[in-house]
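*Asks:* Residue numbers for the sequence shown follow our numbering, so the first one is 140 and each next one is one higher.
Glycine included, every Cβ here is placed at the ideal spot set by N, Cα and C.
Below: one structure in structure tokens.
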Amino acid sequence: MTAPGTVQRFPRPVPRWRPPLPKGDLEALRDKLQAWQPFDGDAVLDDAAAALDDVPPATGAAEAIAERLRGHLARLVTIAAAAEEDRRDAATAQLIEQARTLSAEDAPGDRWQAIGHLRRLGWTAGELLDRLVAARCLREVA
């Protein structure tokens, strides 16, 4: 038994702790963790609603909404793939494929074709979000 205030010595030498990754990799990981933003389902719904509204957004706003929707779709696809929902549900797999295709396409130059593309992005994001909520991969959003 060790007396209070004394330190027990180990019977064998304990190796000195070494970080699991080189310094540069740890710094890159720290930077990614600091830049990480939690998933915001309400933002997905807001952007999908703006894309699907009866009154189309102005050209500059439409481009910004489309860019945000591409980001939302990338996160939703990642969540669905991690949960293997694409293997469990054919409709979800189809939405994932549609999300990948739409995200890879450049916005058309014609204003009305660009609005159509924006609406397809919004519809796909909303549907994929609904599927992932129904599959309990995400918590329900407002």
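Report the three-state DSSP secondary structure of Glu244 (helix, strand or coil).
*Replies:* Here residue 244 is taken as the residue at index 105 of the sequence shown, counted from 1. DSSP places Glu244 in coil when its eight states are reduced to three.
*Asks:* Should Ala188 go down as buried or exposed, given a rule of 16 or more other Cβ atoms within 10 Å for buried?
*Replies:* For the purposes of this step, residue 188 is identified with residue 49 of the sequence shown, where counting begins at 1. Label assigned to Ala188: exposed.
*Asks:* Alpha carbon to alpha carbon, what distance is there between Gly261 and Val183?
*Replies:* For this step, residue 183 is matched to residue 44 along the sequence shown. For this step, residue 261 is matched to residue 122 along the sequence shown. Rounded to the nearest angstrom, the two C-alpha atoms are 8 Å apart.
*Asks:* Quick check on Ala221: buried or exposed, where buried means 16 or more other Cβ atoms within 10 Å of its Cβ?
*Replies:* What you label residue 221 is simply residue 82 of the sequence shown in a count that begins at 1. Ala221 should be labelled exposed.
*Asks:* Got a sec, what are the start and stop residues for the alpha helix (DSSP H) Arg258 sits in?
*Replies:* Mapped onto the sequence shown, residue 258 falls at position 119. Per DSSP, Arg258 belongs to the alpha helix (DSSP H) from Arg250 to Ala273.
*Asks:* Using a Cβ cut-off of 8 Å (strictly closer), state whether Leu168 contacts chain D.
*Replies:* Reference to chain D is not applicable here, since this structure consists of a single protein chain.
*Asks:* Answer yes if the region 188-202 comes into contact with the region 230-238, meaning at least three C-beta pairs across the two stretches below 8 Å, and no otherwise.
*Replies:* Verdict: no, contact absent.
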